[in-house]
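Engineer: Below you'll find the structure I mean.
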Amino acid sequence: MMSLRYPSRLVRQINKITRKNCRCFSAPTRITTMKDKLNHGPNLKEFITGSSEPILTERPNIPYLPDDIQDISKRKVFFDVYGCQMNLNDTDIVWSILEKEGFERTEIEEEADIFLVMTCAIREGAETKIWHRLDHLRGFKRRRALSKHKNRPVKIAILGCMAERLKEKLVEKEKAVDVVAGPDSYRDLPRLLALTDSGQTAVNVLLSLDETYADVVPVRLNQDSVSAFISIMRGCDNMCTYCIVPFTRGRERSRPITSIVDEVRYLSDQGVKEVTLLGQNVNSYRDVSTQSEARDTQMAKGFKTVYKNKKGGLRFADLLDKVSSVDPEMRIRFTAAHPKDFPDEVLQVISERANICKLLHLPAQSGCSAVLARMRRGYTRHAYLQLVHHVTHAIPGVGLSTDMICGFCGETEEEFQETLSLMQLVDYNVAFLFPYSMREKTTAYRRYKDDVPEQVKKERHSRMIELYRKKSQLLNEAEIGNTHLVLVESIVKKTGQILGRNELYIKVLFDQTEILAQDGGRRAVTPGDYVAVKIVGAKSSVLSGIPLYHTSIRDFYRETSWGDRHAVRM
Ligand code: SAH
Ligand code: SF4
Ligand code: F3S
Numbered sequence: 006m007m008s009l010r011y012p013s014r015l016v017r018q019i020n021k022i023t024r025k026n027c028r029c030f031s032a033p034t035r036i037t038t039m040k041d042k043l044n045h046g047p048n049l050k051e052f053i054t055g056s057s058e059p060i061l062t063e064r065p066n067i068p069y070l071p072d073d074i075q076d077i078s079k080r081k082v083f084f085d086v087y088g089c090q091m092n093l094n095d096t097d098i099v100w101s102i103l104e105k106e107g108f109e110r111t112e113i114e115e116e117a118d119i120f121l122v123m124t125c126a127i128r129e130g131a132e133t134k135i136w137h138r139l140d141h142l143r144g145f146k147r148r149r150a151l152s153k154h155k156n157r158p159v160k161i162a163i164l165g166c167m168a169e170r171l172k173e174k175l176v177e178k179e180k181a182v183d184v185v186a187g188p189d190s191y192r193d194l195p196r197l198l199a200l201t202d203s204g205q206t207a208v209n210v211l212l213s214l215d216e217t218y219a220d221v222v223p224v225r226l227n228q229d230s231v232s233a234f235i236s237i238m239r240g241c242d243n244m245c246t247y248c249i250v251p252f253t254r255g256r257e258r259s260r261p262i263t264s265i266v267d268e269v270r271y272l273s274d275q276g277v278k279e280v281t282l283l284g285q286n287v288n289s290y291r292d293v294s295t296q297s298e299a300r301d302t303q304m305a306k307g308f309k310t311v312y313k314n315k316k317g318g319l320r321f322a323d324l325l326d327k328v329s330s331v332d333p334e335m336r337i338r339f340t341a342a343h344p345k346d347f348p349d350e351v352l353q354v355i356s357e358r359a360n361i362c363k364l365l366h367l368p369a370q371s372g373c374s375a376v377l378a379r380m381r382r383g384y385t386r387h388a389y390l391q392l393v394h395h396v397t398h399a400i401p402g403v404g405l406s407t408d409m410i411c412g413f414c415g416e417t418e419e420e421f422q423e424t425l426s427l428m429q430l431v432d433y434n435v436a437f438l439f440p441y442s443m444r445e446k447t448t449a450y451r452r453y454k455d456d457v458p459e460q461v462k463k464e465r466h467s468r469m470i471e472l473y474r475k476k477s478q479l480l481n482e483a484e485i486g487n488t489h490l491v492l493v494e495s496i497v498k499k500t501g502q503i504l505g506r507n508e509l510y511i512k513v514l515f516d517q518t519e520i521l522a523q524d525g526g527r528r529a530v531t532p533g534d535y536v537a538v539k540i541v542g543a544k545s546s547v548l549s550g551i552p553l554y555h556t557s558i559r560d561f562y563r564e565t566s567w568g569d570r571h572a573v574r575m
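The sequence shown begins at 6 in our numbering and counts up one residue at a time.
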């Protein structure tokens, strides 16, 4: 095929379209490279037939890139994952997209051609860790460029929340970065990566109102894991004043129920024993693609929100009902549930189904009403305590977990004391405790002063940790003598001990031994087994026990319901 030299007007036009639609930006010198490529590129016909947007094909083999560049799909990618469980799930989505395009994966740095860094922006500390990693990758990239493997240049792609927060600024600050892709642009990654070979830096940080990746079946990076995460919704509309998430993940949207149920079934067929449903606030889940009567949530007394409730559609209780019916031997967990809307229907499904874990993540954030108001959490200390009272009675023995922030703008010692007293009053099995970190763009950044000195934040943080450790030690000690249903996760390399988790997500360790199997024989314990374990020892974050027999969720709870096994704790 003869190649044409394009008139410079067309070259300019193509460059303009490419930059506008791809949101890629090229240094002026790189435009010359692009011009060269166009001059030696394909026939004009390829641009004017077949498609109205011939240049912007979704696939990486873009016609005007030479063959060696199209080979990008053979390259090996190395994943670095930071942040929350949602990032883990997003990494599986990204890998599914790239694997389909022929990319390969490696866990060995030296083999990697492309580093994909899945980032978090929740606190400054989270970003600092990532900057350190980028320092390392920059050095790696430079060394490769000087080595005998210089024909395999290293590319660095920054994905996720920090990419979304910093956008083009990331490339300005860290010149070694080749691709910046926000949480809603992962479908675009093959194309963005292909573009880097034409010497461009490619940025796509467009947030979407409807992207849920519902049709992308995530390919799990850790195929051996007995548990998996499923994002049931993306984004957040709550706008807590301290939080960057609504700015990095965009508007809240729910994934259709059928695609979630299909994925649970697929995972169950693969032998996965536990799924965790993920959303920033799962209780506002709405499958608007389904028709149902508009049973709108009535806010309980003491709760309010800036959030606009969506009308109609199946809700979280319906989703839990359907998901937990797929496989009665699959444990179902979910996180997070904003305290502002906890409908009784959800509590009811949880208490009725043996395979839905009786652990509620109810992030309080603070125990002081004035601080909660500044945080725009939509509830008071009193309303939160009433909710705890309500859920512990609706599901006797329910475990609770929380997130707490200390040192938020204007927090006095007395206000902090109220957080400690809330942690004293409520028995949290698990708590994630953070010193406040001011984030640009948030309401707190615009409205308040980050006036609690770092040293004071640190010291309050230590006091929260100390109290939490003391209390969880006592809670765990109270379990000594009880028998727990443990899902086995792995065998500890160093000691050969078995590691699993109980219903409340507390780690349980025990020695390997052959125990009674359900068929009447005896066999050793392997990951994915359910084992009845008698608890004999307790630390603040781990229990130890003696394995009694192999079991199943249904068999374990056949004789004793969850409620009978635990006294109400408030
Ligand atoms: N949607 C979830 C929270 C996701 S972020 C929920 O509402 O529970 C996880 C936790 O990080 C938050 O619950 C909060 O405790 C903490 N966090 C968020 N922004 C923070 C900030 N600026 N400084 C310190 N901790 C923060
Ligand atoms: Fe952040 Fe609040 Fe949304 Fe949670 S609910 S992600 S804390 S804005
Ligand atoms: Fe998760 Fe961090 Fe983003 S906590 S939602 S990865 S800012």
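No residue lacks a Cβ here, since even glycine has one placed at the ideal position from N, Cα and C. No experiment lies behind these values; they were computed from the predicted model shown.
Looking at VAL224: is its Cβ nearer than 7 Å to the Cβ of GLU104?
Structural biologist: Within the sequence shown, the letter at position 219 stands for residue 224. Within the sequence shown, the letter at position 99 stands for residue 104. Cβ distance < 7 Å, so VAL224 and GLU104 count as in contact.
Engineer: For ALA369, report the span of its alpha helix (DSSP H) as first-last.
Structural biologist: To locate residue 369, count along the sequence shown from 1; it is residue 364. Taken as a continuous stretch (DSSP letters only), ALA369 belongs to no alpha helix (DSSP H), as it is neither H nor E.
Engineer: Tell whether a beta-carbon distance below 7 Å holds between ALA219 and ARG260.
Structural biologist: In the sequence shown, residue 219 corresponds to position 214, counting from 1. In the sequence shown, residue 260 corresponds to position 255, counting from 1. Taking 7 Å as the Cβ cut-off, ALA219 and ARG260 qualify as a contacting pair.
Engineer: Out of curiosity, what's the CA-to-CA distance linking ASP267 and GLY318?
Structural biologist: Against the sequence shown, residue 267 aligns to sequence position 262. Against the sequence shown, residue 318 aligns to sequence position 313. Taking the straight line from one Cα to the other gives about 18 Å.
Engineer: Report the residue ranges of all beta strand (DSSP E) runs contained in full by the segment 326 to 360; include only those spanning at least 3 residues, in chain order.
Structural biologist: Fully enclosed beta strand (DSSP E) runs of 3 or longer: 336 to 340.
Engineer: Helix, strand or coil: how does DSSP classify ALA186 here?
Structural biologist: Walking along the sequence shown from the start, residue 186 turns up at place 181. ALA186: strand per DSSP, three-state reduction.
Engineer: Alpha carbon to alpha carbon, what distance is there between THR448 and LYS454?
Structural biologist: Numbered from its first residue, the sequence shown carries residue 454 at position 449. Numbered from its first residue, the sequence shown carries residue 448 at position 443. Roughly 11 Å between the two C-alpha positions.
Engineer: Sort out for me which residues DSSP pairs ILE265 with in a bridge.
Structural biologist: Here residue 265 is taken as the residue at index 260 of the sequence shown, counted from 1. Beta-bridge pairing links ILE265 to no other residue.
Engineer: By the 10 Å Cβ neighbour count, where 16 or more other Cβ atoms means buried, how is PRO458 classified, buried or exposed?
Structural biologist: As a position in the sequence shown, residue 458 is number 453, starting the count at 1. Counting Cβ neighbours within 10 Å, PRO458 comes out exposed, since fewer than 16 surround it.
Engineer: If ARG196 sits next to GLU279, beta carbons under 8 Å apart, how far is it from one beta carbon to the other, in whole angstroms?
Structural biologist: As a first step, residue 196 is located in the sequence shown; it is residue number 191 there, counting from the start. As a first step, residue 279 is located in the sequence shown; it is residue number 274 there, counting from the start. The distance from the Cβ of ARG196 to that of GLU279 is about 35 Å, inconsistent with a contact at the 8 Å cut-off.
Engineer: Between LYS50 and the rest of its own chain, which residues show a CB-CB distance below 7 Å, the 5 nearest in sequence each way excluded?
Structural biologist: Numbered from 1 along the sequence shown, position 45 holds the residue referred to as residue 50. Residue placement at LYS50 is poorly supported in this model, since its pLDDT is 34, which falls under 50; the coordinates are not used for a value here.
Engineer: Which residues does DSSP list as the beta-bridge partners of ASP292?
Structural biologist: For the purposes of this step, residue 292 is taken as the residue at position 287 of the sequence shown. Beta-bridge pairing links ASP292 to LEU319.
Engineer: What is the rounded straight-line gap between the Cα of GLN90 and the Cα of THR96?
Structural biologist: On the sequence shown, residue 90 is found 85 positions in, with the first residue counted as 1. On the sequence shown, residue 96 is found 91 positions in, with the first residue counted as 1. Using only the alpha carbons, I get a separation of about 10 Å.
Engineer: Where GLN478 and MET428 are concerned, what is the direct C-alpha to C-alpha distance, given to the nearest angstrom?
Structural biologist: Mapped onto the sequence shown, residue 478 falls at position 473. Mapped onto the sequence shown, residue 428 falls at position 423. When rounded, the distance between both Cα atoms is 14 Å.
Engineer: Is GLN285 near ligand 2 - that is, is its Cβ less than 6 Å away from at least one heavy atom of it?
Structural biologist: For this step, residue 285 is matched to residue 280 along the sequence shown. True, at least one ligand heavy atom lies under 6 Å from that Cβ.
Engineer: Give the DSSP-derived three-state secondary structure of GLY276 in the structure shown.
Structural biologist: Residue numbering aside, residue 276 sits at position 271 when the sequence shown is read from its first letter. Coil at GLY276, not helix or strand.
Engineer: Quick check on DSSP: helix, strand or coil for TYR510?
Structural biologist: Within the sequence shown, the letter at position 505 stands for residue 510. Looking at TYR510 - three-state DSSP - the assignment turns out to be coil, as it is neither helix nor strand.
Engineer: May I ask you to report which of helix, strand or coil DSSP gives ARG563?
Structural biologist: What you label residue 563 is simply residue 558 of the sequence shown in a count that begins at 1. If DSSP states are grouped into helix, strand and coil, ARG563 belongs with the helices.
Engineer: Can you tell me whether PRO333 is buried or exposed, with buried defined as 16 or more other CB within 10 angstroms of its CB?
Structural biologist: The residue labelled residue 333 in the question sits at position 328 within the sequence shown. PRO333 is exposed by the Cβ-count criterion.
Engineer: Would the beta-carbon of VAL250 be found less than 6 Å away from any heavy atom of ligand 3?
Structural biologist: For this step, residue 250 is matched to residue 245 along the sequence shown. Yes, the Cβ of VAL250 comes within 6 Å of a heavy atom of ligand 3.
Engineer: Which runs of the alpha helix (DSSP H) at least 4 residues long sit entirely within the segment 87 to 143? Give them in chain order.
Structural biologist: 90 to 105
Engineer: Inspect the CB distances between the segment 370 to 390 and the segment 408 to 415 and report whether three or more fall short of 8 Å.
Structural biologist: yes
Engineer: Going by beta carbon distance, what residues of the same chain come within less than 6 Å of ASP193, once the five residues before and after it are set aside?
Structural biologist: Looking up residue 193 in the sequence shown gives position 188. ASN209, listed in sequence order.
Engineer: Which residues in the same chain as THR37 place their Cβ atom closer than 6 Å to its Cβ, once the five residues preceding and following it in sequence are excluded?
Structural biologist: Locating residue 37 in the sequence shown gives position 32, where the first residue counts as 1. Because THR37 sits at a pLDDT of 34, beneath the cut-off of 50, its placement in the model cannot be relied upon, and the following sentence gives the value as read from the coordinates. Excluding sequence neighbours, THR37 sits near nothing in its chain.
Engineer: Look at the alpha carbon of PRO348 and the alpha carbon of ILE235, and state the distance between them as a whole number of angstroms.
Structural biologist: In the sequence shown, counting from the first residue as 1, residue 348 sits at position 343. In the sequence shown, counting from the first residue as 1, residue 235 sits at position 230. Approximately 22 Å between the Cα atoms of the pair.
Engineer: Can you determine whether any heavy atom of ligand 1 sits closer than 6 Å to the C-beta of ARG157, and answer yes or no?
Structural biologist: To locate residue 157, count along the sequence shown from 1; it is residue 152. Not under cutoff, so the answer is no.
Engineer: With LYS463 as the anchor, note down where its alpha helix (DSSP H) starts and where it stops.
Structural biologist: Taking the first residue of the sequence shown as position 1, residue 463 is located at position 458. Segment 459 to 482, the alpha helix (DSSP H) holding LYS463.
Engineer: I'd like to check one pair, TYR87 with THR124: are the Cβ atoms closer than 7 Å?
Structural biologist: As a first step, residue 124 must be located in the sequence shown, where it is residue number 119. As a first step, residue 87 must be located in the sequence shown, where it is residue number 82. Going by C-beta atoms, THR124 is nearer than 7 Å to TYR87.
Engineer: Quick check: is any heavy atom of ligand 1 less than 6 Å from the C-beta of SER289?
Structural biologist: Residue mapping note: residue 289 aligns to position 284 of the sequence shown, counting from 1. No, ligand 1 has no heavy atom inside 6 Å of this Cβ.
Engineer: Taking its Cβ as the centre, do 16 or more other Cβ atoms sit within 10 Å of HIS366, making it buried, or is it exposed?
Structural biologist: Mapped onto the sequence shown, residue 366 falls at position 361. Result: buried.
Engineer: Under the DSSP definition of a beta bridge, which residues are partnered with PHE234?
Structural biologist: As a first step, residue 234 must be located in the sequence shown, where it is residue number 229. In the DSSP output, where bridge partners are listed per residue, PHE234 has THR281.
Engineer: Return yes when the Cβ of SER406 is within less than 7 Å of the Cβ of VAL431, no when it is not.
Structural biologist: Numbered from 1 along the sequence shown, position 426 holds the residue referred to as residue 431. Numbered from 1 along the sequence shown, position 401 holds the residue referred to as residue 406. The answer is no: Cβ separation not under 7 Å.
Engineer: Under 6 Å: does the beta carbon of ASN507 sit that close to some heavy atom of ligand 2?
Structural biologist: Reading the sequence shown from its first residue, position 502 is the one you call residue 507. No, Cβ of ASN507 sits at least 6 Å from all heavy atoms of ligand 2.
Engineer: For PHE83, is the classification buried or exposed, using 16 other Cβ atoms within 10 angstroms of its Cβ as the cut-off for buried?
Structural biologist: Locating residue 83 in the sequence shown gives position 78, counting from the first residue. Classification for PHE83: buried.
Engineer: Assuming ILE470 and PHE515 make a contact with CB atoms under 8 Å, what is their CB distance in whole Å?
Structural biologist: Here residue 470 corresponds to residue number 465 of the sequence shown, with the count starting at 1. Here residue 515 corresponds to residue number 510 of the sequence shown, with the count starting at 1. Actually they do not touch by this definition, with Cβ atoms about 27 Å apart.
Engineer: Go to THR201, then tell me how far its alpha helix (DSSP H) extends in each direction, as first and last residue.
Structural biologist: Position 196 of the sequence shown holds residue 201. Element bounds for THR201: 194 to 201.
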